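Working notes for the structure below.
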Amino acid sequence: MSIKTTKMLRVFIMLKIGLIGFGNVAKTIYDTLKNYDDIKVSTINNNRSYKTIEMIKKSGIIITKDIKTLSQESDILISAVTPKNALSVVKEVYPYLNGTYMDINTISPITIQKILKYIPKNKYVDVALIGKITSNDSYFIISGENTDKIMDLSNYGLKIKKIGDNIGQASKLKMLRSNYTKGVSTLLYETFKTAYQLGLDDELFTILTKTEGQEFTKKINSRICNSYNYSKRKTEELKEINAFLEKNNPKDMIMNNATYNILLKLNKKHEKFDNEYYSYQKLFMQ
Ligand SMILES: NC(=O)c1ccc[n+]([C@@H]2O[C@H](COP(=O)([O-])OP(=O)(O)OC[C@H]3O[C@@H](n4cnc5c(N)ncnc54)[C@H](OP(=O)(O)O)[C@@H]3O)[C@@H](O)[C@H]2O)c1
Numbered sequence: 018m019s020i021k022t023t024k025m026l027r028v029f030i031m032l033k034i035g036l037i038g039f040g041n042v043a044k045t046i047y048d049t050l051k052n053y054d055d056i057k058v059s060t061i062n063n064n065r066s067y068k069t070i071e072m073i074k075k076s077g078i079i080i081t082k083d084i085k086t087l088s089q090e091s092d093i094l095i096s097a098v099t100p101k102n103a104l105s106v107v108k109e110v111y112p113y114l115n116g117t118y119m120d121i122n123t124i125s126p127i128t129i130q131k132i133l134k135y136i137p138k139n140k141y142v143d144v145a146l147i148g149k150i151t152s153n154d155s156y157f158i159i160s161g162e163n164t165d166k167i168m169d170l171s172n173y174g175l176k177i178k179k180i181g182d183n184i185g186q187a188s189k190l191k192m193l194r195s196n197y198t199k200g201v202s203t204l205l206y207e208t209f210k211t212a213y214q215l216g217l218d219d220e221l222f223t224i225l226t227k228t229e230g231q232e233f234t235k236k237i238n239s240r241i242c243n244s245y246n247y248s249k250r251k252t253e254e255l256k257e258i259n260a261f262l263e264k265n266n267p268k269d270m271i272m273n274n275a276t277y278n279i280l281l282k283l284n285k286k287h288e289k290f291d292n293e294y295y296s297y298q299k300l301f302m303q
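Residue numbers for the sequence shown follow my numbering, beginning at 18 and rising by one.
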């Protein structure tokens with residue numbers, strides 16, 4: 018279909034999107050899609066935390082009465098919850114699912130296989146969010162048999178790239194990328210905390226810039242702080258990556274366990290203090 022025809026059809030067809038979960042990812046998707054008249058985006062707020070309910074209220078998104086109605090009415094149902102809850106949400110929605118299920122959670126192909134016992138392959142699209150959702154250069158890679166509806170969302174401001182027809186392709190890449198980025202971030206945490214305690218962190222910054230380049234060192238602060246700020250979600254993601262590596266390359270699985278242990282430690286601290294940091298010095302001072 019030509020772009021011109023697509024644009025003409027847009028006037029007559031209202032695309033209905035349902036968001037399950039309303040954290041950083043869902044909110045950012047909503048903020049992009051809300052700018053279009055021919056898209057209706059809804060969510061649910063039953064049994065959600067104070068933080069999520071407040072975020073929903075402030076956003077102005079349409080609230081649907083329950084998950085059953087949301088599943089029945091959505092052309093695209095987007096799951097952006099947490100890795101731990103990805104499967105339980107599927108168990109709630111699958112009897113009512115009419116449209117395509119877009120699964121953004123960082124889950125392994127092993128969890129996806131469990132999900133496919135409930136959702137037919139032609140309704141499931143495996144999605145990997147590449148990069149931090151709030152950064153300008155983040156985008157989605159997708160794989161699945163029936164991805165047309167999801168690709169349509171590229172006409173509405175979301176950056177999407179299809180990488181294959183097989184469910185699990187996006188997930189495998191997501192596992193590998195995530196293992197690397199979280200590994201690097203926790204290594205930076207360990208290294209810079211030691212440097213900070215020795216009063217050598219500024220010098221370390223300078224010498225790392227020489228070998229790693231400006232881009233890398235610019236990101237050090239956010240990598241260290243985000244490991245702490247989002248340690249709960251990241252710990253859950255690491256469990257998924259762990260299962261993936263265990264299945265594919267158990268003999269070399271050493272770094273992954275170390276990354277998991279650092280994130281677990283950061284999460285315990287985060288649960289105790291319930292705060293966020295944007296400067297590593299302040300984090301280390303705690
Ligand atoms: N943030 C990123 O840059 C990024 C990057 C790649 C992948 N991802 C993946 O995307 C997903 C969402 O990430 P996020 O950063 O948006 O997480 P988040 O900020 O922690 O938000 C998660 C949201 O899901 C809700 N939720 C949890 N369990 C639910 C359930 N059973 N039913 C309905 N809602 C539920 C939470 O509500 P409560 O507050 O009530 O618990 C919250 O609103 C995760 O699976 C993550 O792995 C995120």
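For every residue, glycine included, the Cβ atom is placed at its ideal position computed from N, Cα and C. No experiment lies behind these values; they were computed from the predicted model shown.
- I61 is the residue among D83, K82 and I61 whose C-alpha sits nearest the C-alpha of S76.
- Taking T151 as reference, the option from I93, T49, G230 and R250 with the minimal CA-CA separation is T49.
- A residue is called buried when at least 16 other Cβ atoms come within 10 angstroms of its Cβ; P112 does not meet this threshold and is exposed.
- I167 and E229 have their C-alpha atoms some 37 Å from each other.
- Excluding the 5 residues flanking it on each side, S296 has same chain C-beta neighbours closer than 8 Å at N238 and C242, in chain order.
- For the pair I121 and V42, the CB atoms are nearer than the 7 Å cut-off.
- Going by beta carbons, I37 and V106 fall inside the 7 Å limit.
- E253 counts as buried, since at least 16 other C-beta atoms from the protein chains shown sit within 10 angstroms of its C-beta.
- With fewer than 16 other Cβ atoms from the protein chains shown falling within 10 Å of its own Cβ, N292 counts as exposed.
- Residue side-chain check: I37 places its Cβ nearer than 6 Å to a non-hydrogen atom of ligand 1.
- Look at S59 here: in three-state DSSP terms it is strand.
- Scanning K51, K282, K149 and Q186 for the CA closest to the CA of M31 turns up K51.
- Proximity of the beta carbon of L255 to ligand 1 is not indicated: no heavy atom of the ligand is located closer than 6 Å.
- CA-to-CA, the gap between Y213 and Y197 works out to about 24 Å.
- Taking L280 as the centre and dropping the five residues before and after it, the same chain places the C-beta of K199, T203, S244, S248, K251, T252 and L255 closer than 8 Å to its C-beta, in chain order.
- Spatial neighbours of Q298 in its own chain (CB-CB distance under 8 Å, excluding positions within 5 residues in sequence) are listed in chain order as Y213 and D218.
- For ligand 1, no non-hydrogen atom lies closer than 6 Å to the CB of K189.
- Using a 10 angstroms sphere on the CB of Y67, the tally of other CB atoms stays under 16, which defines it as exposed.
- Remark: the C-beta of S66 is in contact range of ligand 1, defined as less than 6 Å to any heavy atom.
- Contact between the region 136 to 148 and the region 158 to 166 is present: 3 or more CB-CB pairs across the two stretches fall below 8 Å.
- If you check the C-beta of P100 against ligand 1, you find a heavy atom less than 6 Å away.
- For the options S155, A187, K227 and S195, the alpha carbon positioned closest to that of K176 is the one of S155.
- For the 7 Å CB-CB criterion, S91 and K33 form a contact.
- Shortest Cα-Cα distance from T208 to any of K264, M119 and R240 involves R240.
- Excluding sequence positions up to five before and after P100, its CB lies within less than 6 Å of the CB of N122, T123, I124, E253, E254 and E257, all in the same chain and listed in chain order.
- With a cutoff of 7 Å on beta-carbon distance, A275 and I127 are scored as not near each other.
- The beta-carbon distance between I73 and I84, rounded to whole angstroms, is 14 Å. This is too long to meet the 8 Å contact definition.
- The bridge partners DSSP lists for D143 are D120 and S160.
- In this structure, ligand 1 has a non-hydrogen atom nearer than 6 Å to the beta-carbon of L146.
- Relative to I136, the option among F157, G148 and V110 whose CA is nearest is V110.
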